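Residue numbers (my numbering), protein chains in the order written: chain A, 563 to 675; chain B, 2 to 114. Idealized CB from N, CA, C, for every residue including glycine. Treat the numbers as computed from the prediction; the structure is a model and nothing was measured.
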């Protein structure tokens, strides 16, 4: 039973560029949430997707956008990258529109130069 | 505004003894609480959870206690093992285990053999 997978594992971009991160949920899960974890801090909620729609959003600017596909996989897009966007981006999946426990992937480490 | 606080950045415990990790929260709307463990270069791994209708939940060596009046929860690990050495995150949600989680900054646990 495959867990949550994310790609790529590492990424280096320069300021102003755009990036797309990908997530495949745990088998059978239908809900995907994205978190940003800066160094020395806990993960911060970006948004959650269920039934291909954004259901909840944290305190992140519109530069952060996402998508969920019919197979429940998801993408996180960040436009106009800033140095402060350097972080570990975590994807978590769960069941039933978020009523059940979230399970996390290994994350994508993004470095913005 | 930190709604979930883990005031101890680190904790060192001898193998076989009890580890107690603490977490405080300020938002009285939180009613689901979880603990995750994180090793370097991996995503957070779910450990144990508790809802606000309970004051204790046990799973093997792990027990979580919730004191709603004090807005405090704790994770007890007995007995502690060297493999428990990791960063432990407390998380809270106001609308289900699978919805927006608010995390603390984490506590680094070192179990010495």
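Candidates 673(A), 566(A), 621(A): closest to residue 591(A) by CA position: Looking at the Cα atoms, 566(A) is the closest of the given residues.
Own chain residues within Cβ distance below 8 Å of residue 120(B), not counting five before or after: Outside the displayed span of chain B (2 to 114) sits residue 120(B), for which this structure offers no information.
CA-to-CA distance, residue 113(B) to residue 629(A), given in whole angstroms: Answer to the nearest angstrom: the Cα atoms are 44 Å apart.
Interface positions of the segment 40–67 of chain B facing chain A (Cβ-Cβ less than 8 Å), listed along the chain: So the close ones are 42, 43, 44, 45, 46, 47, 50.
Cα-Cα separation, residue 575(A) to residue 74(B): Cα to Cα, residue 575(A) sits roughly 40 Å from residue 74(B).
Three-state secondary structure assigned by DSSP to residue 643(A): Taken through DSSP and simplified to helix, strand or coil, residue 643(A) comes out as coil.
Between the CA atoms of residue 8(B) and residue 23(B) - distance to the nearest angstrom: So the alpha carbons of these two residues sit roughly 8 Å apart.
Reduced DSSP category for residue 602(A) - H, G, I as helix; E, B as strand; rest coil: In the three-state DSSP reduction, residue 602(A) falls in the coil class, being neither helix nor strand.
Minimum length 4: unbroken alpha helix (DSSP H) runs contained in the segment 20–55 of chain B: Runs of the alpha helix (DSSP H) inside the segment 20–55 of chain B: none found.
Environment of residue 20(B) [buried if 16+ CB atoms lie within 10 Å]: With a threshold of 16 other beta carbon atoms within 10 Å, residue 20(B) meets it and is buried.
Cα-Cα separation, residue 15(B) to residue 76(B): Distance between the alpha carbons of residue 15(B) and residue 76(B) is about 16 Å.
Whole-number beta carbon distance between residue 642(A) and residue 625(A), since they are thought to touch under 8 Å: Your pair residue 625(A) and residue 642(A) checks out as a contact, with CB atoms roughly 5 Å apart and the cut at 8 Å.
Residue 34(B) beta carbon less than 8 Å from that of residue 51(B): Yes.
Under 8 Å between C-beta atoms of residue 587(A) and residue 655(A): Yes.
Rounded C-alpha distance that separates residue 85(B) from residue 30(B): Those two C-alpha atoms are separated by around 31 Å.
Endpoints, beta strand (DSSP E) assigned at residue 663(A): Residue 663(A): not part of any beta strand (DSSP E); DSSP gives it neither H nor E.
Residue 72(B), DSSP secondary structure in three states: Coil.
Straight-line gap, residue 634(A) to residue 620(A) (C-alpha atoms, nearest Å): Whole-angstrom Cα-Cα distance: 20 Å.
Residue environment, residue 79(B), which counts as buried when at least 16 other CB atoms sit within 10 Å: Burial is judged here by how many other beta carbons sit within 10 angstroms of a residue's own beta carbon; residue 79(B) has fewer than 16 and is exposed.
N- and C-terminal bounds of the beta strand (DSSP E) containing residue 566(A): From DSSP, residue 566(A) is part of no beta strand (DSSP E); its letter is neither H nor E.
Residue range of the beta strand (DSSP E) that includes residue 628(A): Boundaries of the beta strand (DSSP E) around residue 628(A): 626–630.
Cβ-Cβ distance between residue 660(A) and residue 100(B) below 8 Å: It is a contact, given that the beta carbons lie within the stated cut-off.
is_contact[residue 638(A), chain B] using C-beta, thresh 8 Å: So, not an interface residue.
Coil, strand or helix - residue 1(B) by DSSP: An answer regarding residue 1(B) cannot be provided, because it is not within the stretch 2 to 114 covered by chain B.
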